[in-house]
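Structure first, then comments.
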Amino acid sequence: MSAKRLSKLDAPKVLKDDERVMNDNDFIVSKTDTKGFITYCNQTFIDMCMYSQDELIGANHNLIRHPDMPRIAFKLCWQLIQSGEEFFGFVKNLRKDGGYYWVFANITSSVDTNGNTVGYYSVRRKPSKKGLEAVMPLYKQLVDAEKQGGMAASEALLADFLKKNGTTYEELVTTLQAM
Ligand SMILES: Cc1cc2nc3c(=O)[nH]c(=O)nc-3n(C[C@H](O)[C@H](O)[C@H](O)COP(=O)(O)O)c2cc1C
């Protein structure tokens, strides 16, 4: 483990419009403790985010949080996984060099033999191109809403969007990934 626990405060401040696209059959895997500190990462994760294993183990997962991601997405994620449900979502991640990569993520709880949550487990695959085309403008609107009116504004905007489209968050993202 590196001497210092890295977090989003250590992430690059200068962003590059440089995308690294996941391979069709690759999976990015990481595990965290119950607070989101990384306890395991696979080689594909290391290759994609450009941090070393030493830098990643012990770091907070928000190290790779991209500012284009709406806060509401992570609120929803933590609400779901802390209540024992799984999360699916499109996530833009920030690489160590300031570039980015998109994933379609699934996060589930890791439970011990007594059923207690001991951490979380995430597997990401290549996101659908059509799904991303739909998600990018929605995330932009959500981020703008958060700048204006905080999380309450993006929460209301997302609820309105889902209602208008007659869908739920999970149905929306799984349908988009299947496109
Ligand atoms: C297992 C697991 C994997 C996660 N993977 C990511 C990830 O790849 N990218 C990301 O930005 N946040 C990820 N998160 C969410 C982060 O813990 C955090 O909520 C998010 O980066 C927002 O951080 P902030 O609220 O400090 O800005 C993950 C959380 C868990 C539990």
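Using the working numbering, the first residue of the sequence shown is number 406, and each one after it goes up by one. Backbone N, C-alpha and C fix where the C-beta goes; we use that ideal spot for every residue, glycine too.
Query                                                                                                                                                                       : Result
Measuring from the CB of Met474, is there a heavy atom of ligand 1 at a distance below 7 angstroms?                                                                         : yes
Output yes or no for whether 8 angstroms exceeds the beta carbon distance between Ile443 and Ser559.                                                                        : no
According to DSSP, is Phe432 part of a helix, a strand, or is it coil?                                                                                                      : coil
In chain order, what residues of the same chain have a beta carbon less than 8 angstroms from the beta carbon of Met474, not counting five sequence neighbours either side? : Val496, Lys497, Tyr544 and Val548
What residue range is occupied by the uninterrupted alpha helix (DSSP H) comprising Lys545?                                                                                 : Lys534 to Lys569
For Trp483, count neighbouring Cβ atoms within 10 angstroms of its own Cβ and tell me buried if that reaches 16, exposed if not.                                            : exposed
Assuming Leu485 and Phe492 form a contact by the criterion Cβ under 8 angstroms, report the distance between their Cβ atoms to the nearest whole angstrom.                  : 5 angstroms
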